[in-house]
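Going by the working numbering, the first residue of the sequence shown is number 711, and it counts up by one from there.
Worksheet: one structure, shown below.
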Amino acid sequence: MKTFKSTCCYCGVGCGVVVTKEGNGQLSLEGDKEHPSNKGMLCSKGMNLHYTVMDQSDRLLYPQMRLNRSMPMQRVSWDDALERTAAVFKTLIKKFGPDSVAFYVSGQCLTEEYYLVNKLIKGFIGSNNIDTNSRLCMSSAVVGYKLALGEDSVPVCYDDIEAADVIFVTGANPAWCHPIIWRRVEAHKEANPNVKIICVDPRKTDTSRSSDLHLQIAPGTDIVLNNAIGRILIERNYIDQDFIANHTDGFSDFKEKVMQRTIDEAAELCGINADDIYTAAEWIGRSEGFLSFWTMGLNQSVIGVNKNLSLINLHLITGKIGKPGNGPFSLTGQPNAMGGRETGGLANILPGHREVVNAEHRAEMEQFWNTPVKIANKPGLTATEMFEALADDKLKAIWIINTNPLVSMPDINVAEAALNKSRFVVVQDVSNRADTVKFADVVLPAAAWLEKEGTMTNAERRITHLPKAVDAPGEALPDAEIIWRFAEKMGFGDSFNYKNTSEVYDEYTQCTAGTTIDVTGVNYQLLKNNRSVQWPLTTSFENNILPVTGTKRLFTDHEFYTKNKRAQIHAVNDENTSEPVDEDFPLVLTTGRIRDQWHTMTKTGRVAKLNQHTPQPFLQIHPEDAKSRNIKEGQLAVIKSRRGEVRVKVNITEDVRPGLCFLPMHWGKILGSNLGRANNLTNNLVDPKSKEPDFKFSAVEVSLYKKP
Ligand code: SF4
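Here it is, written out as structure tokens:
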């Protein structure tokens, strides 16, 4: 019997787990009591994580390829698969330039994997065409932090939960999607009944049900609400004049903006009582600790960046940031979305939060990597742009790593047409459940969680080491090894000559020296000794032991990462520019998660216990909307948008507002049909700054399904 300490590979809470491997190879798992993020707790998904490793029934076991899509896949050797891929990449790059190829990766990739793919394409191929599915969930928060605080830096930590007396949850359902965070919030409230929880969500959820105040706003009115709260904070003198004067810019424009709308007007637009807005503002204004959590309700929006800024504004005008229990806290949906941000895993950034448009930053990485080419000076294609470019034949080849865009991309017809038309597709994944496999020219089997070593960073900037505990089945390889083997076939072997991921990690940490996320000196041994560490490090190392755990909280000195060290308050417009509803499509559709599933179900869908909670997709619709359409509970409905349709049973409930309906985002195929796939309906609008799609607002109509 042997035990291993690892990290849950689902959501960004990053709970520590202890895995026990019995002599017969059976695995069992429990929460790690020593891990500061979860203190031994696990949610239903985390508790059943080991089943995803033990069930190998749908694993990809060996490399496969075919010379054209009408042929069946053939088993080939790793050398053959990677040599052919390298030959195709070299031919395309020679003929069409480096921007003819792209990598589309995942927030499930480990930090080392993210770093290597970035190094390869940005530093050696010469294109910035790498983007991640994290673009679909947190890029608006990245831009919001940068514009307000000067860098993509989450200023808070989980211990701020227990130091807060007002917890403001907006556009998020942590009770289901970040359950361990929510358990900490509930335990804090139980021990301190004076703590107030405010939930902002157009739907009633388990989060709103355990809150003191639910602001059930109309979809798309988040900025109207935040600006109204800002106005009340100013009018009732809850703002911190000294903090505003000494540490921020932009207050007078903000004040002018928020004064343009009365609270009654705001309440009417939001569809809530004005009194409730006053209550929320009073609680925030009087609080000693104001902690705000948000996820997709703010981020996945055509105005996502402005929604983020409008929330961060509330912390800046009250000075409620940089001290215990205070600050804006964007939760991440994936286990290593943060690691991707740190290593430059977006089309516009480089490792160490450097920017591709910054000549100095490019020069630093060119020198560090000793690149044979100049790093391109403009951002590469973002997630949605990649698939649009594939469909237009501007992009010739795409390499998809550990993500399932044929379920997760908005307006799925675009992604499907793109993969159909594409010249060359490489799919690197764990299982054949990914819907992209059938479009692949080359399939590369990847090692799964527990089958490879590496690191991840959770939502509170905490880096944890993940050990290898079991062998990967068949010929599956760790993703990092696949990339460094491919780089060698491309002729870059001297710069990708790694023996293990520990060497990759050491190289990555060196390039963070002097940046705001400095983790130089951290290595696998130190992480194993200390269990985890939060960046940036401010302490010295003695005998490879870290005396304290990095930095819990940023901006305690009120010096921000902007050039003049002052945070920027933004006067943001409150109009929503989502797809309009009309007579043909009068309802707003919002998509989201359910309790026991995660992403496109390629992992959770393999666990029988998790499938029991909600076995089929469903549409939540308000009783008034169901009645006017003559639809009864449990009947099959057709949901149509300007792009496609979905057919699922209805759940008639007052949990959604009139005019709003909700569909879970997890399902792809059901019984061979794509008619449960939410992204048949969503649109391809994106936030102009973050390029994050508008998953939370699509115009639809619902009708009873009638057999043809
Ligand atoms: Fe895993 Fe997230 Fe659940 Fe923690 S809260 S056990 S990280 S899914």
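All C-beta atoms in this analysis are idealised placements derived from N, C-alpha and C, irrespective of residue type, glycine included.
Pick out whichever of Leu1297, Ala991 and Ile933 has its Cα sitting closest to the Cα of Tyr948. Ala991
Using the Cα positions of Leu1176 and Val1136, report the straight-line distance between them to the nearest angstrom. 26 Å
Apply the 10 Å Cβ neighbour rule to Gln1235 and answer buried if 16 or more other Cβ atoms are within range, or exposed otherwise. exposed
For Leu1091, name the three-state secondary structure that DSSP assigns. coil
Nonlocal neighbours in the same chain, by C-beta distance under 8 Å from Gly1032, ignoring five residues either side: Pro865, Arg1263, Leu1264, Phe1265, Thr1266, Asp1267 and His1268
Sorry if obvious, but does the Cβ on Tyr720 come closer than 6 Å to a heavy atom of ligand 1? yes
Is the stretch 1019-1030 touching the stretch 804-813, taking contact as three or more C-beta pairs under 8 Å? no
State yes or no: is the C-beta of Asn839 within less than 7 Å of the C-beta of Leu1237? no
Cβ-based burial, His1323 [other Cβ within 10 Å; buried from 16]: exposed
Could you spell out where the beta strand (DSSP E) holding Arg893 opens and where it closes? Looking at the DSSP string, Arg893 is not in any beta strand (DSSP E); the run it does join, the alpha helix (DSSP H), is Pro889 to Ala901.
Taking Leu923 as the reference, give the member of Arg893, Gly1231, Val879 and Glu1191 with the closest Cα. Val879
What does Cys909 pair with, by DSSP beta-bridge criteria? Val879 and His924
Does the beta-carbon of Ile1173, which I'm using as the reference point, lie nearer than 6 Å to any heavy atom of ligand 1? no
Am I right that Ala873 and Gly999 are in contact with their C-beta atoms under 8 Å? What's the rounded C-beta distance? 5 Å
Is DSSP giving Met1166 helix, strand or coil here? strand
Per DSSP, what kind of secondary structure is Met1119 in: helix, strand or coil? coil
Alpha-carbon to alpha-carbon, Asn843 and Pro1045: 12 Å
How would you write the range of the alpha helix (DSSP H) that Asn937 sits in, first residue to last? Asp932 to Glu945
Taking only three categories from DSSP, how would you classify Asn1393? coil
Between the CA atoms of Arg1241 and Ser863 - distance to the nearest angstrom: 22 Å
What's the gap between the Cα of Val1410 and the Cα of Pro884? 27 Å
Tell me where the alpha helix (DSSP H) around Glu1289 begins and ends. Unbroken run through Glu1289: none, as it is neither H nor E.
Have a look at Thr1146 and Asn1112 and give me their C-alpha separation to the nearest angstrom. 10 Å
Of the choices Thr1314, His1280, Ser1351 and Gly1302, whose alpha-carbon is the least far from that of Asp1292? Ser1351
Express the C-alpha separation of Leu759 and Met1166 in angstroms, rounding to a whole number. 17 Å
Classify Gly1054 as buried or exposed, calling it buried when 16 or more other Cβ atoms lie within 10 Å of its own Cβ. buried
Alpha-carbon to alpha-carbon, Phe1097 and Met1119: 9 Å
As assigned by DSSP and simplified to three states, the class of Glu992: helix
Could you give the DSSP three-state label for Asp1335: helix, strand or coil? helix
Is the stretch 1059-1072 close to the stretch 731-747, with three or more CB pairs under 8 Å? no
Please return the same chain residues whose Cβ sits closer than 7 Å to the Cβ of Lys899, not counting the five positions on each side in sequence. Val905 and Ile907
Would you check if the stretch 1179-1195 and the stretch 759-772 touch, i.e. whether three or more CB-CB distances between them fall below 8 Å? yes
Could you name the residues of the same chain whose beta carbon sits closer than 8 Å to that of Arg946, not counting the 5 residues immediately before and after it, in chain order? Ala991, Glu992 and Gly995
Excluding the 5 residues preceding and the 5 following Pro929 in the sequence, name in chain order all residues of the same chain whose CB lies nearer than 7 Å to its CB. Pro912, Val1298, Thr1300, Leu1370, Lys1406 and Phe1407
Are there three or more Cβ pairs, one per stretch, closer than 8 Å when the stretch 1193-1202 is compared with the stretch 888-903? no
My output table needs one value for Asn703: the three-state DSSP class, helix, strand or coil. Residue numbering for the chain in the displayed model covers 711 to 1418; residue 703 lies beyond these limits and cannot be assessed.
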